[in-house]
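Asker: For the sequence shown, the positions run 1 to 62 when UniProt numbering is used. Every residue, glycine too, gets a C-beta built ideally from N, C-alpha and C. Before anything else, here's the structure in question.
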Amino acid sequence: MKTKKRWIENTIKAAAECDVQMPWERGARRKAFISRRTDAEGREICVSLAPIPSWMMEAVSA
1 MKTKKRWIEN
11 TIKAAAECDV
21 QMPWERGARR
31 KAFISRRTDA
41 EGREICVSLA
51 PIPSWMMEAV
61 SA
């Protein structure tokens, strides 16, 4: 079991050193970037989420 323990320790260490941002972590920064870009171009576009399908709303309200 020594090899497995060493593998797990190395995996945990590598995960702690990871600096990649997941999409949900950079959402606010991305939205601010898009907002600045559209303001600079003079466009009248609002960045928003896609609408929720009606079948999903029915499941939530039930």
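#1: Using the three-state DSSP reduction, which class does R36 fall into: helix, strand or coil?
#2: Quick check: the Cα distance between A40 and F33, rounded to an integer number of angstroms?
#3: If we ignore side chains and look at the alpha-carbon of each, how far apart do K31 and C18 end up?
Answerer: The answer reads as follows:
#1: As a first step, residue 36 is located in the sequence shown; it is residue number 36 there, counting from the start. Residue state, collapsed to three classes: helix.
#2: Residue numbering aside, residue 40 sits at position 40 when the sequence shown is read from its first letter. Residue numbering aside, residue 33 sits at position 33 when the sequence shown is read from its first letter. Whole-angstrom Cα-Cα distance: 11 Å.
#3: Taking the sequence shown and counting its residues from 1, one reaches residue 31 at position 31. Taking the sequence shown and counting its residues from 1, one reaches residue 18 at position 18. Answer to the nearest angstrom: the Cα atoms are 24 Å apart.
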